[in-house]
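Only one structure is covered here, and it is reproduced in the block below.
Number of protein chains: 4
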Amino acid sequence: MERIPVGILGATGMVGQWFVKLLAGHPWFEITALAASARSAGKTYAEAATWVVPGEPPKAVREMVVESCEPHLPCRLVFSALPAEEAGPIEEAFAAAGYAVSSNARNHRYDPDVPLLIPEVNPDHLGLIEVQKRRRRWQGFIVTCANCSTAQLVLALEPLRRAFGLRAINVVTMQALSGAGYPGVPGLSILDNVIPYIPGEEEKVEREPKKIWGMLQGEEIAEAKVEISAHCHRVATRDGHLEAVSVALEREATLEEIVAALEEFRSLPQKLELPSAPARPIVVRKEPDRPQPRLDREEGGGMSVVVGRVRRCPVLDWKLEILGHNTVRGAAGGAILNAELLLAQGYLS
Amino acid sequence: MERIPVGILGATGMVGQWFVKLLAGHPWFEITALAASARSAGKTYAEAATWVVPGEPPKAVREMVVESCEPHLPCRLVFSALPAEEAGPIEEAFAAAGYAVSSNARNHRYDPDVPLLIPEVNPDHLGLIEVQKRRRRWQGFIVTCANCSTAQLVLALEPLRRAFGLRAINVVTMQALSGAGYPGVPGLSILDNVIPYIPGEEEKVEREPKKIWGMLQGEEIAEAKVEISAHCHRVATRDGHLEAVSVALEREATLEEIVAALEEFRSLPQKLELPSAPARPIVVRKEPDRPQPRLDREEGGGMSVVVGRVRRCPVLDWKLEILGHNTVRGAAGGAILNAELLLAQGYLS
Amino acid sequence: MERIPVGILGATGMVGQWFVKLLAGHPWFEITALAASARSAGKTYAEAATWVVPGEPPKAVREMVVESCEPHLPCRLVFSALPAEEAGPIEEAFAAAGYAVSSNARNHRYDPDVPLLIPEVNPDHLGLIEVQKRRRRWQGFIVTCANCSTAQLVLALEPLRRAFGLRAINVVTMQALSGAGYPGVPGLSILDNVIPYIPGEEEKVEREPKKIWGMLQGEEIAEAKVEISAHCHRVATRDGHLEAVSVALEREATLEEIVAALEEFRSLPQKLELPSAPARPIVVRKEPDRPQPRLDREEGGGMSVVVGRVRRCPVLDWKLEILGHNTVRGAAGGAILNAELLLAQGYLS
Amino acid sequence: MERIPVGILGATGMVGQWFVKLLAGHPWFEITALAASARSAGKTYAEAATWVVPGEPPKAVREMVVESCEPHLPCRLVFSALPAEEAGPIEEAFAAAGYAVSSNARNHRYDPDVPLLIPEVNPDHLGLIEVQKRRRRWQGFIVTCANCSTAQLVLALEPLRRAFGLRAINVVTMQALSGAGYPGVPGLSILDNVIPYIPGEEEKVEREPKKIWGMLQGEEIAEAKVEISAHCHRVATRDGHLEAVSVALEREATLEEIVAALEEFRSLPQKLELPSAPARPIVVRKEPDRPQPRLDREEGGGMSVVVGRVRRCPVLDWKLEILGHNTVRGAAGGAILNAELLLAQGYLS
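Those protein sequences? They're chains X, D, R and S, same order as listed. Residues in the first sequence are numbered consecutively from 19, following this note's numbering. Residues in the second sequence are numbered consecutively from 19, following this note's numbering. Residues in the third sequence are numbered consecutively from 19, following this note's numbering. Residues in the fourth sequence are numbered consecutively from 19, following this note's numbering.
So this is what it looks like as structure tokens:
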């Protein structure tokens, strides 16, 4: 099969580098364009990007010349790792010009006609694409992926929602440094410390799941009714967000039923055998002290979420720990999985 | 005023060292005995103790000879920093022999006739001492202090309980390494990591507040009715436990009322001007990113708790962050404050 | 005694904050002016400075209005914490206008007529001040303090130089995060890592000691003849630079002689009882595993250097470990001690 | 080719786990026996070993029953990860009983008839095996690998020794936590700290290279004449020892010659294409700030050493930074490479 040419917007930043890393050797996609700010345009990628993700930059991209973020890139699909200050109009320009845009930026997440997509959870929201193209008179379109803390939370709780219903969620995050990009959090601020605040994060975690779990009714998403409270913290880990979660369910469940629902969960990406889809979207650890960021973040190549410590909650119904790789499942990997679903469902032809 | 001679049981361990440090130069108490296991007995304190708390061991104790933990120490009051495996019968032997025992061990916390004491919260529970002495036919007695995570939680929420009533508490802790003693958590386990489990900790945090907030009725404590759920984590900080807390109140409150209740809270130790009582038991920070362990743990000499980020909770009623110094307020400092209350209330004469 | 009015240039940055902290309550100096970049000028200090050093900003300065760095400040002496990109002409303008400038910046360190001063080592270099004022036709003057890594190295080796002569020094530094200022080194770069490079640092450590140890001959400093090799590293510590040092001496020495020379070293600041002069400039630890940054950096209020592990070196003659507080002795504290020496020697009247 | 059955002594500890990990899927060796202390014997490996190395324990070993360390194991070769307190007589018993022993323990390193082997450096020292067997009347024999800090130092400097001669070496190590085993260094000891002392380490680094670089003359190794001075430190990294090294050469060299010697170095293991031999034993990085432990420790699967910052030294001749993976090249991987050389050279038949 011929690989589909793809570009990366914001290719030199940390999330952009993760796109480069994860797309190297991808069976369906081939990087044919790297775009970034005017400061980088014209340089080789090796010159323009200070590589901060594990390993070395793939050879195939090192000598590619970085282009500016204008909709004349030699590809059909672009992944956007642009910062929120820039992503809005650029992504729109690409979509208008006929590109499919798989974005990691927050700018269009709440647009009523833009899917906020987790392929295992709400693949039917792709139905919004036609609405979006029609309303906006665009040749192309935008799909977005969720905030990193949201993505792993919603994926891990999806089997419980389906089986038992979700009334309320209290989530306390302990988020890794890479979630703040590079340079991000100063070493002096986080050594021997925890920072109990991440600007804008709690709002995202409390809002995004309602759209993701919403019902597509005609041309609209009817938001899901679930109460969510988030407390977000930055801790001294490299990768892997850990979440201490309590949930109230709509229906009674036993521990065995909950664990079975989590372990047996498979969804459309697994059925379609999308290249980035983990065989087991949710891995349940039985040891009392797991998941741990350093030990478990690579599960499923960073695309699985790892759940542990499922137990009764005296205040809500159940409590559990959820771990996800924030820069893989929670960012670049999630957006790539979105694009794989687009391709498999015929949205890229 | 002549200072009261006091001893320390388990003086060579980390909590024992904190007792030594905090009692050096204490206006009411004078260390006259240091006791530890048979392995240490007979050595000087400088030889027996590998000093791991900040600063150097006080000169006054370096050449003191460590004694064994038998009730023949030259003092009237002993502070117990014994590990739980040893504390039970030793503390009982001292109490039986007429010593007042202010313990940091968990062994007797749930005994119905032993006060589990936070001086700002339940000083009236000292009434159990007479019951205890009578029932057990002891000349002396035992009072205990709460687990470190409990102590700061209960102290910080006490003004809300008094003013608005507490229905439910969800608490997620991010606890410092010093809470596990020395050597405690291996560096390899905690570097670039969070451990979502501390054996026995969640049970303590869910149980102890009910006794502390219980009502002394005749010779019994009637447990408080409040639902508590705890998720406990170990993080890479030296000192200072951070807690992300959500609470449900019995009565409506505004943000201003809650902050005022916290800031204005003073209690018996402040009124009695006990030497270790902080002027402000609860300090409220208004910045969005406080309290932080490294920046705020020394507040009030480690005896204040610091509260921040008070805000509405979509699931319960309010959420907030609570920070306390686990080895000061949550251990040695708390037990010393208990002893100061005992003296001020006439229990040491 | 009336305190002398002093100003701080670059008062809002990290070293500026250390000046503020260390000058609060100083017996000889009183902060009467805080100056910083145009961006900060006009704001209160509390608004303009993101406080990153331990504790809270002193009350006396919080409401002071930050001024711009022009030589119209209401004081006679200014401490300069300006970055090297700005320090050069600003410090000159102040000196020209009659201010005494005690600088922490590197810009004028190598000027032949500017003292590079460590009061315990080369107080006689103050003789350059007259040369400087005459040559430059300035009413005021500039004195500089050494780079943080240099300052502790030179101070610790001074007694050996005096007693036995120094032929060669090999120094490998393990430097704290605060040495890079704030925000400085990203958390992502230093977690689970060591960075074996600090731009410009090795050059400074290899060059500055030759001037400091140089002989004032007429109007010139004749550089000392000593070979110095430096390897500089950044490690994940907050404060306190550790240096693994080997030295070749000109004359034979025994271990006892070396330790005695280090421990007994006192110099002019101790004789003059300058307020910031530590009683013991060099503290020798005998334990095999000291000095350690976290345990020993506060020695002498951060103004002492701590030496340990003195032992034979199979390649040069002796090896030892040296620790100093980089932001106290190695920056603000060093510059304050310089100013105290200026006052005591009559240079501020 | 049929794989050779091998056993692991001390299989449950950290180095033992690295043996298990690195031998899983090895083309020449097959784990057929896991042995450990009496406490573990009889349990499955999954029960007996608290897995602390990256990833999960290989499936093939999980259900293997751990045996005691007696010379009745079903294999011909044993790898020893025993602690020094136990390794001595156990390794001897296995060698006497006919096993080939490839040991990571220090006990026999200095025995005159036991090779202290780095296959790229002194493969001819295998000639001692015949001496050893004859003198001790053993059917089997022992070969040892060097201390972790030694191994990477000697390997990295070998090309310089061959090309230019080595007169003197000054090495300052910054060693990872895993070098101390598990649990090893307490988190409380190393957070925000560097420990300038590792018991026994400097002696090993100063002594072992002289044997490794020694000349096999008849039945003896004549020690190499080179002066070595070591300063050893523990830092807060997981894996990867960093060494700041200065060397004095016997002959003049240019920077280009030195870099070429390092980069072009290949030796017997590369020629024989031993499975664990890295294609490039020494990788030279040209960036000013490399090697870094976190970025470079996995080079060559942890079997390459990475060198950077080669530059003139004002005191000796040249300075450079050397990084190696202490638990791979410096322990289990080194001992496996030794065994591969034994097999390739006919010592296992």
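Note that the Cβ used here is the ideal one computed from N, Cα and C, for glycine as well. These numbers were taken from a predicted model, which means no experiment stands behind them.
Taking the C-alpha atoms as reference points, what is the distance between residue i and residue j?
i, j, result
"D/Leu334", "D/Ala186", "8 Å"
"R/Pro293", "R/Ala362", "11 Å"
"X/Glu238", "X/Lys229", "10 Å"
"R/Gly236", "D/Ala66", "59 Å"
"R/Glu2", "S/Cys331", "With chain R covering 19 to 367 only, the question about residue 2 of chain R has no answer from this structure."
"X/His126", "X/Arg155", "16 Å"
"X/Ala54", "X/Tyr63", "10 Å"
"D/Gly183", "X/Gly319", "48 Å"
"D/Glu109", "D/Gly25", "12 Å"
"R/Ala279", "R/Pro299", "12 Å"
"S/Leu286", "S/Gly43", "23 Å"
"S/Glu219", "R/Gly205", "30 Å"
"D/Gly73", "R/Leu313", "7 Å"
Flag residue i as yes if its beta-carbon sits less than 7 Å from any beta-carbon of chain A, otherwise no.
i, result
"D/Asp131", "Any reference to chain A falls outside this structure, whose protein chains are X, D, R and S."
Is it buried or exposed for residue i, if we count other Cβ within 10 angstroms and need 16 for buried?
i, result
"R/Ala105", "buried"
"S/His90", "exposed"
"D/Leu222", "Leu is not the amino acid found at residue 222 of chain D; the sequence shown has Lys there. D/Lys222 should be labelled buried."
"S/Pro309", "buried"
"X/Gln150", "buried"
"R/Arg180", "exposed"
"R/Gln157", "exposed"
"X/Lys77", "exposed"
"S/Arg153", "exposed"
"X/Leu260", "buried"
"S/Gly116", "exposed"
Is residue i close to chain S? Criterion is C-beta to C-beta, closer than 7 Å.
i, result
"R/Ala54", "no"
"R/Val301", "no"
"D/Leu341", "no"
"R/Ser264", "yes"
"R/Asp307", "yes"
Indicate whether at least one CB of chain D lies closer than 7 Å to the CB of residue i.
i, result
"X/Leu260", "yes"
"S/Leu280", "no"
"X/Val333", "yes"
"X/Gln288", "no"
Contact criterion: CB-CB distance below 7 Å. Does residue i meet it with respect to chain R?
i, result
"S/Asp314", "no"
Can a CB atom of chain X be found closer than 7 Å to the CB of residue i?
i, result
"D/Pro72", "no"
Chain-ordered residues of the segment 200-226 of chain S with a beta carbon less than 7 Å from chain X: Those would be Leu209 and Asp210, in chain order.
Could you tell me whether the segment 93-111 of chain D touches the segment 138-148 of chain D, using the rule of 3 or more Cβ pairs below 8 Å? no
Examine the Cβ distances between the segment 260-267 of chain R and the segment 345-356 of chain S and report whether three or more of them are shorter than 8 Å. no
Is the segment 163-175 of chain R in contact with the segment 335-346 of chain R, if contact means three or more CB pairs nearer than 8 Å? Touching, per the Cβ criterion.
According to a CB-to-CB cut-off of less than 8 Å, which residues of the segment 222-255 of chain S neighbour chain R? Glu224, Glu245, Ile246, Ser247, His249, His251, Val253, Ala254 and Thr255
May I ask you to verify whether the segment 38-58 of chain X touches the segment 79-97 of chain X, counting CB pairs closer than 8 Å and requiring at least 3? The segment 38-58 of chain X makes contact with the segment 79-97 of chain X, as at least three CB pairs between them are under 8 Å.
Looking at C-beta atoms only, is the number of pairs between the segment 197-212 of chain D and the segment 252-262 of chain D that lie closer than 8 Å three or more? yes
Within 8 Å of chain R by C-beta, residues of the segment 171-205 of chain S in sequence order: Ala186, Ile187, Asn188, Val190 and Met192
Tell me which residues of the segment 335-363 of chain S have at least one Cβ-Cβ distance to chain D shorter than 8 Å, keeping chain order. none
With 7 Å as the C-beta to C-beta threshold (strictly closer), list the residues of the segment 115-131 of chain R near chain S in chain order. none
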